[in-house]
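Worksheet: the structure to be examined is printed underneath.
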Amino acid sequence: MIEIDNFLPPTVSFSLGSTMEMIFASLALLIFSSLASAGAPKSLNPWTVAKRFSKTVMKRIHAWEYVFRGPWIIQAGYNSSNGQPYEVPTPDTRYVFVSSPKHIEEIDRAPDDVLSLQAASKHMLQPKYTMHGFIWSDLRGTEGVGFERSLRVILTSHLPSILHKLDRYAKARFDLVQQESPIVQGSRRSKLFPLMKKVVAVANAHAIFGEELGKNEEFLDTALNFVEQTVYGAEPLRLLPSFLLPIFGRIMASQFSCDKKMFEIMLPVVEQRFLERDKKRIGHKVPHHDDCLQWIMETSPKKNPWSPMRVIWELMAIWFGSFHSLSVTSSNAIYDLCLEPEYLQPLRDEINAHYDEFLQAGSGLPLLDSFLKESARLHPVETMSTRRCAIRPFTFSDGTKLGVGDWACTPVYAIMNDSEHYPEPLKFNGFRFVDPKVLEGKVTNEQLRRPAQPKPSQFADVDSTWQIWGTGRMACPGRFYASALLKVIVAQIVANYDFELHDPPTSRYLIWRSTFLPKSNTEVVFTPRVPEPA
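According to this note's numbering, the stretch in the sequence shown is residues 1 to 534, in order.
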């Protein structure tokens, strides 16, 4: 992986060598398997054998090229597809990308036992070996109804009651971590991505796990490192032939410990919540909790209810998905504000005037919402979305076929940079999604009121041209919470600090598969602002 050491924390860097050895061993095994599957040639003509061998090797080389150039390969396919499905081979599976509203709708309508989001996530994360033995089904089924309701409905409805707390935790952690940054030549420089991960960790942990775990520094460090370990543990495993997975999976699990430690710290807390729930049912007064732990426990299936272990597993999965996306998106937003400082004043004006209203309502701040959306449009976490793994054969309406194990996906980055959907798509227009009537009353700088989208929209919206949350009925159920927490974190920094890049890097990302990952050594100088007079 390109500059991988900059991303790994000290607690996991020790195992990098063995992890990379497993990756290369996987490559050798896959090439051998591919050659063997071709079968013995009917003719022993050396030229025939050489051509077959060359074809197989080149196919594997092109598949491995995706690992290092994924975003550009996906973009090139989109540019030449004319809106039709196109194929991208990868080392472990075959991706079929679709971009037309019709084909995206067909993915959404496909039964879960044909195209499965669960199966795709299971393959990516290998939870049996990276999440302390989580046996992840290919199908969510009816048992997932409570889980979806906890995030989509209950968490969203509780935003007005929890955002004030998350606001305090985020501000306090940012101030603390920033003050711990070294002073170099009179300026306090902070490594942006590691800083944002620490801020996201404390706020997100309070929302997901509750106050007790959110204040546990050992748990926060473990939960932060768990995300990195999951990524680097799952990557070589997903490349292995299935018959080798149990052997290498156990070896990989023995190398990493954060999932086990995270589980062990959570277990007594979750068991206490179960005990409180049982006491409440028989009339005892128990503490009140507003967090995902509580809501997932309370909405678990009535028939075959979830155990404390199962609740922990589900929370670990939620944590992985939310923490990484929030950390990357918030880092990118601050980076873009360093590059586009003309947006700071109108954003500060909006925050000063309406931030308290936003905390009370759980929604609002249209200028900041649009800026976050534009930052995510040009600098998304992922260049693909709406992943579905075919667990039965599937055929699109145009005849494109998916075999078992193939994936259907959308090229989200390419769609969001298409002039058919976004005017001047390569130009940063931070307020392009705001209603023009709102802009007229809030923004006086004519340069920031450039032509907007045909209609206003919000960061948490979902449609065929805005796929970062997925699509349709399986769109991210926690997107309203994620949008609100991003506003809390970025608003606190914008309101309380001036900031600028120190020695801007020539490139801001590492690339792995379809992912853009902010470089961990990018530094920003943060200077506390003098409060404006009332």
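The C-beta atom is built at its ideal place from N, Cα and C for all residues, glycine as well.
Measure the C-alpha to C-alpha separation of P91 and I251 and round it to an integer number of angstroms. The residue given as residue 91 occupies position 91 in the sequence shown. The residue given as residue 251 occupies position 251 in the sequence shown. Near 21 angstroms, if we compare the C-alpha coordinates of I251 and P91.
Report the rounded CA-to-CA distance for E271 versus D278, giving the unit in angstroms. For this step, residue 271 is matched to residue 271 along the sequence shown. For this step, residue 278 is matched to residue 278 along the sequence shown. Each residue's alpha carbon lies about 11 angstroms from the other.
I need the DSSP call for F431, collapsed to helix, strand or coil. Within the sequence shown, residue 431 is the residue found at index 431, counting from 1. If DSSP states are grouped into helix, strand and coil, F431 belongs with coil.
How big is the Cα-Cα spacing for D336 and T56? Walking along the sequence shown from the start, residue 336 turns up at place 336. Walking along the sequence shown from the start, residue 56 turns up at place 56. So the two alpha carbons sit approximately 43 angstroms from each other.
Opening and closing residue of the beta strand (DSSP E) in which S307 lies: Locating residue 307 in the sequence shown gives position 307, where the first residue counts as 1. Neither: S307 is in no beta strand (DSSP E) and is coded neither H nor E.
Distance check for V286 and S553, CA to CA, integer angstroms please. Because residue 553 is not part of the residues shown, which for the chain are 1 to 534, the question remains open.
Bounding residues of the beta strand (DSSP E) (the contiguous stretch that carries I468): If you number the sequence shown from 1, residue 468 lands on position 468. Taken as a continuous stretch (DSSP letters only), I468 belongs to no beta strand (DSSP E), as it is neither H nor E.
When you compare the CB positions of A203 and Y169, do they come within less than 8 angstroms of one another, or not? What you label residue 203 is simply residue 203 of the sequence shown in a count that begins at 1. What you label residue 169 is simply residue 169 of the sequence shown in a count that begins at 1. Result yes, Cβ atoms of A203 and Y169 sit closer than 8 angstroms.
Taking contact to mean 3 or more Cβ pairs, one atom from each stretch, closer than 8 angstroms, check whether the stretch 394-413 and the stretch 376-386 are in contact. yes
Check for me: the beta strand (DSSP E) holding V96 runs from which residue to which? For the purposes of this step, residue 96 is taken as the residue at position 96 of the sequence shown. 94-97 is the span of the beta strand (DSSP E), which, as asked, contains V96.
State buried or exposed for G403, treating a residue as buried only when at least 16 other CB atoms are found within 10 Å of its CB. The residue given as residue 403 occupies position 403 in the sequence shown. Answer is exposed; the Cβ neighbour count stays below 16.
Assigned exposure category for L426 - 16 Cβ within 10 Å defines buried: Residue mapping note: residue 426 aligns to position 426 of the sequence shown, counting from 1. L426 comes out exposed.
Would you list the one or two residues that DSSP bridges to F516? If you number the sequence shown from 1, residue 516 lands on position 516. For F516, which the question treats as bridged, DSSP gives the partners I511.
If distances are taken between C-alpha atoms only, which option among T395, R529, L293, V530 comes closest to L151? By one-based count along the sequence shown, residue 151 stands at place 151. With distances taken between Cα atoms, L151 lies closest to L293.
For a test of the three-state rule: what should DSSP assign to Y78, helix, strand or coil? By one-based count along the sequence shown, residue 78 stands at place 78. Correct three-state label for Y78: helix.
If I'm right that W469 touches R479 with Cβ under 8 angstroms, what's the distance once you round it to whole angstroms? Counting from one through the sequence shown, the residue named residue 469 turns up at place 469. Counting from one through the sequence shown, the residue named residue 479 turns up at place 479. Contact flag correct, Cβ pair sits at about 5 angstroms.
When DSSP labels each residue in this structure, what does R377 get in the three-state scheme? Along the sequence shown, one-based indexing puts residue 377 at 377. R377 falls in the helix class under three-state DSSP.
Report buried or exposed for R109, applying the criterion of at least 16 other Cβ atoms within 10 angstroms of its Cβ. As a working mapping, residue 109 is identified with position 109 in the sequence shown. By the neighbour-count rule (16 or more Cβ atoms within 10 Å), R109 is not buried but exposed.
How long is the line joining the alpha carbons of P111 and S307, rounded to whole angstroms? Within the sequence shown, residue 111 is the residue found at index 111, counting from 1. Within the sequence shown, residue 307 is the residue found at index 307, counting from 1. Rounded to the nearest angstrom, the two C-alpha atoms are 28 angstroms apart.
Contact under 8 angstroms by Cβ, V494 with L344: For this step, residue 494 is matched to residue 494 along the sequence shown. For this step, residue 344 is matched to residue 344 along the sequence shown. In contact: V494 and L344 (Cβ atoms closer than 8 angstroms).
Look up F134 in the DSSP assignment and say whether it is helix, strand or coil. Sequence index remark: in the sequence shown, residue 134 carries index 134 (1-based). DSSP places F134 in coil when its eight states are reduced to three.
List the whole-angstrom C-beta distance separating M124 from R238, where the pair is believed to meet the contact cut-off of C-beta under 8 angstroms. Your numbering for residue 124 matches position 124 in the sequence shown. Your numbering for residue 238 matches position 238 in the sequence shown. The pair is a contact, with the Cβ atoms about 7 angstroms apart (cut-off 8 angstroms).
Straight-line Cα distance separating G210 from H158: Reading the sequence shown from its first residue, position 158 is the one you call residue 158. Reading the sequence shown from its first residue, position 210 is the one you call residue 210. One C-alpha to the other measures close to 13 angstroms.
Can the beta-carbon of D463 be found less than 8 angstroms from the beta-carbon of R94? Residue numbering aside, residue 463 sits at position 463 when the sequence shown is read from its first letter. Residue numbering aside, residue 94 sits at position 94 when the sequence shown is read from its first letter. The answer is no: Cβ separation not under 8 angstroms.
Give me, in chain order, the residues of the same chain whose beta-carbon lies closer than 6 angstroms to that of T527; leave out the 5 immediate sequence neighbours on both sides. On the sequence shown, position 527 is the one that residue 527 refers to. Cβ within range, chain order: D498.
Nearest to V488 (by Cα), restricted to the options E440, V525, L326: For the purposes of this step, residue 488 is taken as the residue at position 488 of the sequence shown. The shortest Cα separation from V488 among E440, V525, L326 belongs to L326.
Which residue or residues does DSSP assign as beta-bridge partners of D463? Here residue 463 refers to the residue found at position 463 of the sequence shown. DSSP output for D463 lists W466 as bridge partner(s).
Please state the DSSP three-state secondary structure of T222. Sequence index remark: in the sequence shown, residue 222 carries index 222 (1-based). In this structure, T222 counts as helix in the three-state DSSP scheme.
Give me the residue from W64, H324, K59 with the minimum Cα distance to A482. Here residue 482 corresponds to residue number 482 of the sequence shown, with the count starting at 1. Nearest C-alpha to A482: H324.
Determine, using beta carbons only, whether H379 and L365 come nearer to each other than 8 angstroms. Here residue 379 refers to the residue found at position 379 when the sequence shown is read from its first residue. Here residue 365 refers to the residue found at position 365 when the sequence shown is read from its first residue. No, they are not a contact pair.
For a test of the three-state rule: what should DSSP assign to L426, helix, strand or coil? In the sequence shown, counting from the first residue as 1, residue 426 sits at position 426. Looking at L426 - three-state DSSP - the assignment turns out to be coil, as it is neither helix nor strand.
What are the start and end residues of the beta strand (DSSP E) that includes V114? On the sequence shown, position 114 is the one that residue 114 refers to. Segment: none, V114 is in no beta strand (DSSP E) and carries neither H nor E.
Measure the C-alpha to C-alpha separation of A333 and F371 and round it to an integer number of angstroms. As a first step, residue 333 is located in the sequence shown; it is residue number 333 there, counting from the start. As a first step, residue 371 is located in the sequence shown; it is residue number 371 there, counting from the start. If I take the Cα positions, the gap works out to 8 angstroms.
Using the rule of at least 16 other Cβ atoms within 10 Å of the residue's Cβ for burial, across every protein chain shown, is S375 buried or exposed? Sequence index remark: in the sequence shown, residue 375 carries index 375 (1-based). Flag for S375 reads buried.
Taking only three categories from DSSP, how would you classify R535? Only positions 1 to 534 of the chain appear in the structure, and residue 535 is not among them; the question remains open.
Which residue from P194, S116, M131 puts its Cα closest to that of M309? What you label residue 309 is simply residue 309 of the sequence shown in a count that begins at 1. Closest by alpha carbon: M131.
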